[in-house]
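Data block below; observations after.
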Amino acid sequence: MTFAPQVIAIKCADESRHVKMKIVTWNINGIRTFKNAIKKTLDSFDAEIICVQETKVTRDLLDEKTAIVEGYNSYFSFSRGRSGYSGVATFCKDSATPFASEEGLTGLLTNNGEAVGCYGDQKEFSIEELQLLDNEGRAVITQHQIRGPDGPQTLAVVNVYCPRADPEKPERKLFKLQFYQLLQARAEALLASGCHVIVLGDINTSHRPIDHCDPDDIDNFEDNPGRKWLNGFLFGVTEEEQDVGSDHDPDSSRKPTECGGKFVDTFRFFHPSRPQAFTCWNTLTGARQTNYGTRIDYIFGNHALVETHFVEVDIMPEVEGSDHCPVWGHLGCEVVPSARCPPFCTRYMPEFVGKQQKLSRFLVKMADQKPNVVESKEAKDTTLPGSQETEEIRENLHPLGLGSSAGRKRGPDGIAESSAPKGKKSKVAKATPAKPQGSLLAFFKPKGPTAEHKPKISTELTGRSKDTAAENSNSHVGRNSDSPLVSGPNMNNPSGKGVSDQNSTVEVSGQEPDEGGAAPPVEGGASKKEACLPSFWKAVLRGPPQPPPCKVHNEPCVLRTVKKAGPTMGRQFFVCARPQGHASNPQARCNFFAWVDKGK
0 MTFAPQVIAI
10 KCADESRHVK
20 MKIVTWNING
30 IRTFKNAIKK
40 TLDSFDAEII
50 CVQETKVTRD
60 LLDEKTAIVE
70 GYNSYFSFSR
80 GRSGYSGVAT
90 FCKDSATPFA
100 SEEGLTGLLT
110 NNGEAVGCYG
120 DQKEFSIEEL
130 QLLDNEGRAV
140 ITQHQIRGPD
150 GPQTLAVVNV
160 YCPRADPEKP
170 ERKLFKLQFY
180 QLLQARAEAL
190 LASGCHVIVL
200 GDINTSHRPI
210 DHCDPDDIDN
220 FEDNPGRKWL
230 NGFLFGVTEE
240 EQDVGSDHDP
250 DSSRKPTECG
260 GKFVDTFRFF
270 HPSRPQAFTC
280 WNTLTGARQT
290 NYGTRIDYIF
300 GNHALVETHF
310 VEVDIMPEVE
320 GSDHCPVWGH
330 LGCEVVPSAR
340 CPPFCTRYMP
350 EFVGKQQKLS
360 RFLVKMADQK
370 PNVVESKEAK
380 DTTLPGSQET
390 EEIRENLHPL
400 GLGSSAGRKR
410 GPDGIAESSA
420 PKGKKSKVAK
430 ATPAKPQGSL
440 LAFFKPKGPT
450 AEHKPKISTE
460 LTGRSKDTAA
470 ENSNSHVGRN
480 SDSPLVSGPN
490 MNNPSGKGVS
500 DQNSTVEVSG
510 QEPDEGGAAP
520 PVEGGASKKE
530 ACLPSFWKAV
540 LRGPPQPPPC
550 KVHNEPCVLR
560 TVKKAGPTMG
570 RQFFVCARPQ
580 GHASNPQARC
590 NFFAWVDKGK
């Protein structure tokens with residue numbers, strides 16, 4: 000089937016005054032894109048339904064300000080395998096509240112009676128495959144009531160973030176194709192149930208050569224598995240697109256592949272021949288400055304919905320904050336809000352409604368309840384039996400597995416410090432005089448302001464003999480036998496701050512200070528004072544090599560580092576500093592490349 004441009008122009012002119020619904024999709028590349036102005040950003044779109052992809056947030060990191068936005072109800076899907084990865088969310092205005100919602104495409108994540116349903120044929124997938132496909136938080140479905148010229152109808156909005164096929168991971172190519180098949184089965188099942196369907200989001204495949212800044216090979220462009228799937232998923236091909244194919248390469252005899260699916264690419268429905276309409280760019284190479292990108296973000300609608308309700312669709316390349324730009328669509332139908340949000344709404348999550356608290360808060364409340372002194376002490380002593388904190392304290396106090404009371408201090412109430420919180424341990428240690436100990440833990444504990452609170456350092460740690468320690472101790476006036484062994488300027492330091500610094504220096508270097516109290520020389524013959532000078536480090540450390548000029552623009556190049564695994568990983572190289580672009584663009588990066596000599 001072909002779409003005539005005259006019909007489109009008339010359609011836009013007749014219905015542009017009757018826009019009643021707006022829908023937006025945007026890959027935000029992390030929920031941090033919104034920062035603290037999520038409501039301001041959502042309001043700026045002035046849309047009833049806003050679908051975002053790649054939120055990169057897990058449920059435990061989702062805060063209330065992001066989950067519950069005034070004037071909106073939201074629906075999140077999280078990655079269950081990796082943190083800071085994938086994730087989608089749908090924000091609906093309260094005037095467009097859905098009557099049903101669901102996470103995922105398989106139905107395995109649904110545990111309430113108000114799910115969307117209509118899952119299609121899933122016989123080609125095993126249970127393990129279905130679980131993996133829904134385990135990365137890549138789909139949210141909301142179902143709405145709409146009112147148009149033909150009366151009330153049902154609309155399902157499928158918000159998806161399709162996987163990317165990593166060339167170095169063949170299993171991800173299969174995963175991507177399986178996700179496509181599952182998405183198509185679910186969308187067509189929803190359509191067969193009698194409701195209109197919109198599939199939108201980051202599809203991660205450019206459909207036609209016109210949707211790509213630099214298609215690899217025009218003859219084999221359609222052989223990409225993702226594009227083959229799109230050919231079967233989408234409906235019709237435009238006459239203008241055939242002409243664009245000839246204009247793109249006059250010598251090409253390629254014939255466009257007919258599409259026999261049930262959905263329409265709404266952007267190409269309204270703009271069949273617009274070139275360089277890209278939605279994604281490589282921000283690391285500055286490709287957005289030269290508009291060197293791809294169109295991989297779509298709004299798909301079933302054919303009847305697009306012809307009867309869609310008014311206009313366009314992209315928003317002026318909106319920054321991500322490596323993608325938003326895509327919006329105007330519809331002539333009106334959304335009828337539901338009286339209440341479905342159970343999947345984030346405002347019903349236990350952590351946001353107060354029905355359930357975190358384990359840490361529960362334990363704090365239990366510790367605050369003090370029916371009597373005995374129970375209070377027992378609670379402090381057994382707050383988290385077998386926890387990591389308790390085991391770490393026990394190991395630090397007994398590093399060699401000695402007796403249970405050999406190296407343990409006790410507070411004024413007779414409670415062992417190992418059962419008290421870490422934050423209170425230092426306070427008890429300061430209030431209680433410390434006895435001389437030979438453990439490494441006592442050496443690193445903070446020292447008190449007076450000499451009697453300073454623990455004696457074991458002769459085994461400092462490498463001194465008992466005779467030498469006594470000799471040095473007697474040579475200083477006002478020092479008792481329990482004072483730390485200090486020489487030089489640290490003798491008159493009443494705070495004792497220099498004690499740990501000097502002792503740690505002696506212990507690490509294995510050298511004694513000179514009789515005059517001078518610091519021992521560091522490696523290379525330079526003294527400690529000289530090592531602190533900038534000139535010393537400039538002589539030791541070399542800065543980055545000077546960038547050479549590129550051959551075309553004669554401008555200083557930029558230094559890059561290979562991060563890809565392989566024999567050249569970690570090597571540095573110079574390239575042209577200009578943004579990436581097409582080879583025919585004189586303002587784009589030239590092909591200058593030079594490895595950095597390892598000796599420099």
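Here the sequence shown stands for residues 0 to 599, where the numbers follow numbering that gives the first Met the number 0.
All residues carry an ideal CB built from backbone N, CA and C; glycine is no exception.
1. So if DSSP puts arginine 185 in a beta bridge, which residue, or which two residues, is it bridged to?
2. Along the chain, which unbroken stretches of the beta strand (DSSP E) at least 3 residues long are found entirely within the region 116–153?
3. Extract the residue ranges of the beta strand (DSSP E) inside the region 256–281, only unbroken runs of 3 or more that lie entirely within it.
4. Cβ atoms of tyrosine 118 and alanine 191: under 8 Å apart, would you say?
5. Enumerate in chain order the residues of its own chain whose CB-to-CB distance from lysine 175 is below 6 Å, with the five nearest sequence positions on each side excluded.
6. Under three-state DSSP, which class holds arginine 570?
7. Cα-Cα, which of Glu53, Ile67, Gly580, Ala114 is closest to asparagine 35?
8. Going straight from the alpha carbon of histidine 308 to that of alanine 46, what length do you get?
9. Rounded to whole angstroms, what is the Cα-Cα separation between methionine 315 and tryptophan 25?
10. Quick one: what's got a C-beta closer than 6 Å to threonine 153's C-beta in the same chain, skipping five residues either side?
11. Would valine 561 and phenylalanine 573 qualify as a contact pair, given that the criterion is a beta-carbon distance under 8 Å?
12. For phenylalanine 98 versus arginine 137, is the C-beta distance shorter than 8 Å?
13. Just how far apart, CA to CA, sit threonine 1 and phenylalanine 234?
14. Relative to the C-alpha of threonine 222, which residue among Asp210, His206, Ala114 is closest?
15. Taking the alpha-carbon positions, what's the leucine 132 to phenylalanine 232 distance?
16. Does DSSP put valine 305 in a helix, in a strand, or in coil?
17. Quick one: is arginine 588 buried, meaning 16 or more other Cβ sit within 10 Å of its Cβ, or exposed?
18. For my contact list, isoleucine 48 and glutamate 101 are in at a C-beta cut-off of 8 Å; report their separation, rounded to the angstrom.
19. Should proline 208 be labelled buried (16 or more other beta-carbon atoms within 10 Å of its own) or exposed?
20. Comparing C-alpha positions only, which one of Tyr84, Asp42, Gly106 sits nearest to valine 56?
21. Based on DSSP bridge pairs, tell me the residues matched to cysteine 50.
22. Report the CB separation of valine 334 from isoleucine 145 in whole angstroms; it is logged as a contact under 8 Å.
23. Buried or exposed for histidine 329, going by 16 or more other Cβ atoms inside 10 Å?
24. Looking at C-alpha atoms only, which residue of Cys91, Met348, Asn290 is the closest neighbour of glutamine 142?
25. So, at 6 Å on beta carbons, what are the nonlocal neighbours of phenylalanine 601 in its own chain, with the 5 sequence-adjacent residues on each side left out?
26. From the beta carbon of isoleucine 30, is the nearest beta carbon of chain C less than 8 Å away?
27. Exposed or buried, tryptophan 228, counting other C-beta atoms within 10 Å across all chains shown (16 or more means buried)?
28. Pull up the DSSP beta-bridge partners for asparagine 158, would you.
29. Rounding to the nearest angstrom, what Cα-Cα distance links leucine 304 and alanine 155 in this structure?
30. What did DSSP end up calling tyrosine 297 once you bin it into helix, strand or coil?
31. So who's on the other strand from valine 312, going by DSSP bridges?
Let's see:
1. Bridge partners of arginine 185: none, in fact.
2. Given a length threshold of 3 residues, each whole run of the beta strand (DSSP E) inside the region 116–153 is given here in chain order: 138–147.
3. For the region 256–281, whole beta strand (DSSP E) runs of length 3 or above, ordered along the chain, are 262–264.
4. No, Cβ-Cβ distance for alanine 191 and tyrosine 118 is not below 8 Å.
5. Excluding positions up to five away in sequence, the list reads Pro162, Ala164.
6. It is coil, neither helix nor strand.
7. Ile67 is the residue among Glu53, Ile67, Gly580, Ala114 whose C-alpha sits nearest the C-alpha of asparagine 35.
8. Straight across, the Cα-Cα distance linking histidine 308 with alanine 46 is about 16 Å.
9. C-alpha separation (whole angstroms): 10 Å.
10. Result list for threonine 153: Cys194, in chain order.
11. No, they are not a contact pair.
12. It is not a contact, given that the beta carbons lie outside the stated cut-off.
13. Confidence in threonine 1 is poor, its pLDDT being 40 and thus under 50, which makes the residue's placement unreliable; the coordinate value appears in the next sentence. Looking at the two C-alpha atoms, the distance is approximately 10 Å.
14. Per the sequence shown, the amino acid found at residue 222 is aspartate instead of threonine. That would be His206, whose Cα lies nearest to the Cα of aspartate 222.
15. Rounded to the nearest angstrom, the two C-alpha atoms are 19 Å apart.
16. Residue state, collapsed to three classes: helix.
17. With 16 or more other Cβ atoms within 10 Å, it is buried.
18. The Cβ separation is near 15 Å, so there is no contact.
19. Answer is buried; the Cβ neighbour count reaches 16.
20. Taking only the C-alpha atoms, the option nearest valine 56 is Tyr84.
21. The partner list for cysteine 50 (beta bridge, DSSP) reads Thr24, Thr89.
22. Contact check for valine 334 and isoleucine 145: beta-carbon distance about 6 Å, within the 8 Å limit, so the pair qualifies.
23. Classification of histidine 329: buried, given that the 10 Å Cβ count is 16 or more.
24. Ranking Cys91, Met348, Asn290 by Cα distance to glutamine 142 puts Cys91 first.
25. The chain is shown only over 0 to 599; residue 601 falls outside these bounds and no answer can be derived.
26. As a matter of chain content, chain C is missing from the structure shown, which is built from one protein chain.
27. Of the other Cβ atoms in all chains shown, 16 or more fall within 10 Å of the Cβ of tryptophan 228; this residue is therefore buried.
28. For asparagine 158, which the question treats as bridged, DSSP gives the partners Val139, Leu199.
29. Distance between the alpha carbons of leucine 304 and alanine 155 is about 11 Å.
30. In this structure, tyrosine 297 counts as strand in the three-state DSSP scheme.
31. Bridge partners of valine 312: Gly328.
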